[in-house]
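Take a look at the structure set out below.
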Amino acid sequence: MDHAAFILGSWIGTAVAVIAYAAWVLRRGRALSKHASTEEKPWT
Amino acid sequence: MSSVKSRRTIVVAVARKDLSIEWNSRILTNQVAPFAAIVMVMFAFALDNEGILQRVAPGLMWLATLFSMLIVVQRSFTVESADGALDALRVAGVDTGAIFVGKSLALMVQLFVLEVLLLATAVVLYGVEMTAVGLLEAFVTMVVATAGLGCVGTLYGGLAAGAKGRETLLPLLLLPVVAPVLIGATRATEAAFGSGGTAVSEGWPWIGLLAVFAVIFAVAGTVAFGPLVDE
Amino acid sequence: MTPNSGTGTSATRRLGVLVIVLVISLALFGLQFSAEDVVQGSTVRIMYVHVPSIWTAYIAFFLTAVCSGVYLSRRQRSLAWDRVAGASAEIGVLFVAVSLVTGSLWGRLTWGTYWVWDARLTSTAFLFITYVGYLAVRRLDGTHRQRARRSSVMALLAVLEIPLVHFSVNLWRSLHQDASVADPNAKVKLDGLMLFSLFLGLVTFTLLFVWLVLHRQRTMLLEDSFADRGLDVAIAERRNEAGVQ
Numbered sequence: 016m017d018h019a020a021f022i023l024g025s026w027i028g029t030a031v032a033v034i035a036y037a038a039w040v041l042r043r044g045r046a047l048s049k050h051a052s053t054e055e056k057p058w059t
Numbered sequence: 034m035s036s037v038k039s040r041r042t043i044v045v046a047v048a049r050k051d052l053s054i055e056w057n058s059r060i061l062t063n064q065v066a067p068f069a070a071i072v073m074v075m076f077a078f079a080l081d082n083e084g085i086l087q088r089v090a091p092g093l094m095w096l097a098t099l100f101s102m103l104i105v106v107q108r109s110f111t112v113e114s115a116d117g118a119l120d121a122l123r124v125a126g127v128d129t130g131a132i133f134v135g136k137s138l139a140l141m142v143q144l145f146v147l148e149v150l151l152l153a154t155a156v157v158l159y160g161v162e163m164t165a166v167g168l169l170e171a172f173v174t175m176v177v178a179t180a181g182l183g184c185v186g187t188l189y190g191g192l193a194a195g196a197k198g199r200e201t202l203l204p205l206l207l208l209p210v211v212a213p214v215l216i217g218a219t220r221a222t223e224a225a226f227g228s229g230g231t232a233v234s235e236g237w238p239w240i241g242l243l244a245v246f247a248v249i250f251a252v253a254g255t256v257a258f259g260p261l262v263d264e
Numbered sequence: 014m015t016p017n018s019g020t021g022t023s024a025t026r027r028l029g030v031l032v033i034v035l036v037i038s039l040a041l042f043g044l045q046f047s048a049e050d051v052v053q054g055s056t057v058r059i060m061y062v063h064v065p066s067i068w069t070a071y072i073a074f075f076l077t078a079v080c081s082g083v084y085l086s087r088r089q090r091s092l093a094w095d096r097v098a099g100a101s102a103e104i105g106v107l108f109v110a111v112s113l114v115t116g117s118l119w120g121r122l123t124w125g126t127y128w129v130w131d132a133r134l135t136s137t138a139f140l141f142i143t144y145v146g147y148l149a150v151r152r153l154d155g156t157h158r159q160r161a162r163r164s165s166v167m168a169l170l171a172v173l174e175i176p177l178v179h180f181s182v183n184l185w186r187s188l189h190q191d192a193s194v195a196d197p198n199a200k201v202k203l204d205g206l207m208l209f210s211l212f213l214g215l216v217t218f219t220l221l222f223v224w225l226v227l228h229r230q231r232t233m234l235l236e237d238s239f240a241d242r243g244l245d246v247a248i249a250e251r252r253n254e255a256g257v258q
């Protein structure tokens, strides 16, 4: 495959950005919900 | 009828108050205008070529205007939030739309004074030469562009007023919004200066763009200013 | 359900699994099964992440505007709308950033430069800056209501601003003909499998967006109620990382 560095770079870059953001959101949510009451978590 | 009249009274009172504060403090003439002038001189250092300077003079003039505008807007709302004047007016039930128009008018007057000074600086420092029609076009450009800038500046200045970290936030919010003004005013002024062989007649459509911008944000500002500064 | 499942529910977990499956198949189709383009060769494979990410960003900002409008127009102003607007804008900013980066990589391959002063590129950059500003407004001091009102007005102003900027940048470019850049997608002739891969990309990214918004707005709800109780979110988080209750 030509230009593999650019193509894989854009795919991997996208994946890293999205996964990093998702991981941050999940970790934050988990950390906060540990200290939250059930009323503060209407989705449960 | 009486509400229209009282509205006009508020507009005039707010504008006059802002301008008289400005007049007494002399910040515009003693600090902002020299800042704008030094920016123009620094541009000359950076570009270091008379031909290029003459070519890009309109863009530099408007960039210097935008930078100075950030300071003037900041100042216009520091005055308000420092003594809680804006809150006092709101509590008194004064129409926020009228406050918006009044503050915008005061800002426009200050900006216009600055632009005239910058135009003179460009003529002197960058060797710009204008025809009579070109001068008229530059004048109309300044009036219409200033109308838009005054409205946008007041709207976003009000948004950031009274919050921590607003000094750094205002440029981030304001500069992307005024990009159309920079584009339109620069092109129109290029036509007025005749830089790069542009004909004077090429400038008028850009003034149309500036007018559209001014109308949109005058309406949006009158509607949105209340919710923004509320509470 | 486990005592601490964070911001997840069985629905988001199912959606999450689906997204993972879709991402893997997108990688297979985009990088392996689909053919190379006649003109662009293998570089067309960047399209399968680039186009879906800008698509997602547009959806995100549209959702932000709609939620902000609903927030302001309802008599009973519900902060839930504001949180969805904020979550959506945050994710939109992420995806615009992704599309700008992948776009400039693609541009380097097809145009030979990372950036051209093309109207669409320039207004996308403005879109990015505008919503970065929106997120900064959300972080200003004040009550939740103040934040909601300020940011909703900001989001609606952005709806005014973006077309104006796009229009004037277009005018600016059309009068300066020196950099006329053809639309990269126009040069691509998509065959069936390529079209399918692109479509798969759009679906995958959209579902990914939905999953992210669901989690993020719940996290925001927790952040808000923590702030109401006067607790510092950062301290709670750090304590959690250290394993202290």
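Residue numbers (this note's numbering), protein chains in the order written: chain A, 16 to 59; chain B, 34 to 264; chain C, 14 to 258. Heads up, the beta-carbon is just placed ideally off N, CA and C, and yes, glycines get one too. From a predicted model like this one, the values you see are computed outputs, not experimental measurements.
Check whether residue i and residue j have beta carbons under 9 Å apart
i              : j              : result
residue 165(C) : residue 234(C) : no
residue 252(B) : residue 132(B) : no
residue 70(C)  : residue 109(C) : yes
residue 146(B) : residue 93(B)  : no
residue 70(B)  : residue 151(B) : yes
residue 289(B) : residue 100(B) : Residue 289(B) lies beyond the stretch modelled for chain B, which goes from 34 to 264, so this question has no answer here.
residue 205(B) : residue 146(C) : yes
residue 67(B)  : residue 225(B) : no
residue 77(C)  : residue 168(C) : yes
residue 135(B) : residue 51(B)  : yes
residue 63(C)  : residue 41(A)  : no
residue 47(A)  : residue 222(C) : no
residue 104(C) : residue 225(C) : yes
residue 210(B) : residue 185(B) : yes
residue 110(B) : residue 190(B) : yes
residue 43(A)  : residue 56(C)  : no
residue 67(C)  : residue 126(C) : no
residue 254(B) : residue 162(B) : no
residue 186(C) : residue 131(C) : yes
residue 155(B) : residue 73(B)  : yes
residue 207(C) : residue 38(C)  : no
CB contact below 9 Å: residue i versus chain B
i              : result
residue 170(C) : yes
residue 4(C)   : Because residue 4(C) is not part of the residues shown, which for chain C are 14 to 258, the question remains open.
residue 75(C)  : no
residue 195(C) : Any reading at residue 195(C) needs caution, since the residue's pLDDT is 46, under 50, leaving its predicted position unreliable; the model's value is listed next. Closer than 9 Å: no.
residue 50(C)  : no
residue 216(C) : no
residue 154(C) : yes
residue 142(C) : yes
residue 165(C) : yes
residue 181(C) : yes
residue 192(C) : Unreliable placement is indicated for residue 192(C), whose pLDDT of 38 sits below 50; no coordinate value is reported for it.
residue 149(C) : yes
Test: residue i CB closer than 9 Å to a CB of chain A
i              : result
residue 174(C) : no
residue 67(C)  : no
residue 92(C)  : no
residue 21(C)  : yes
residue 72(C)  : no
residue 316(C) : Chain C is shown from 14 up to 258; residue 316(C) falls before or after that span and cannot be answered.
residue 126(C) : no
residue 232(C) : yes
residue 239(C) : yes
Near the ligand NAP: residue i beta-carbon under 8 Å from a heavy atom
i              : result
residue 240(B) : Only the bare structure without any ligand can be found here, which leaves the ligand NAP out of the picture.
Minimum Cβ-Cβ distance from residue i to chain C less than 9 Å
i              : result
residue 210(B) : yes
residue 198(B) : yes
residue 57(A)  : yes
residue 34(B)  : Its pLDDT being 43, under 50, residue 34(B) is placed unreliably by the model, and nothing is read from it.
residue 217(B) : yes
residue 151(B) : no
residue 246(B) : yes
Per DSSP, the bridge partner or partners of residue i
i             : result
residue 50(C) : 54(C)
Span of the alpha helix (DSSP H), counted from its first residue to its last, around residue i
i              : result
residue 253(B) : 237 to 262
residue 127(C) : Here residue 127(C) belongs to no alpha helix (DSSP H), and DSSP marks it neither H nor E.
residue 57(A)  : Taken as a continuous stretch (DSSP letters only), residue 57(A) belongs to no alpha helix (DSSP H), as it is neither H nor E.
residue 91(C)  : Residue 91(C) -> no alpha helix (DSSP H), and no H or E assigned at all.
residue 222(B) : 212 to 226
residue 44(A)  : 19 to 49
residue 231(B) : No alpha helix (DSSP H) holds residue 231(B); DSSP gives it neither H nor E.
residue 127(B) : That residue, residue 127(B), is in no alpha helix (DSSP H); it is neither H nor E in DSSP.
residue 65(B)  : Element bounds for residue 65(B): n/a, residue is neither H nor E.
query: Enumerated in chain order, which unbroken segments of the alpha helix (DSSP H) with a length of 4 residues or greater are wholly contained in the region 152 to 196 of chain B?
result: You should have 165 to 193.
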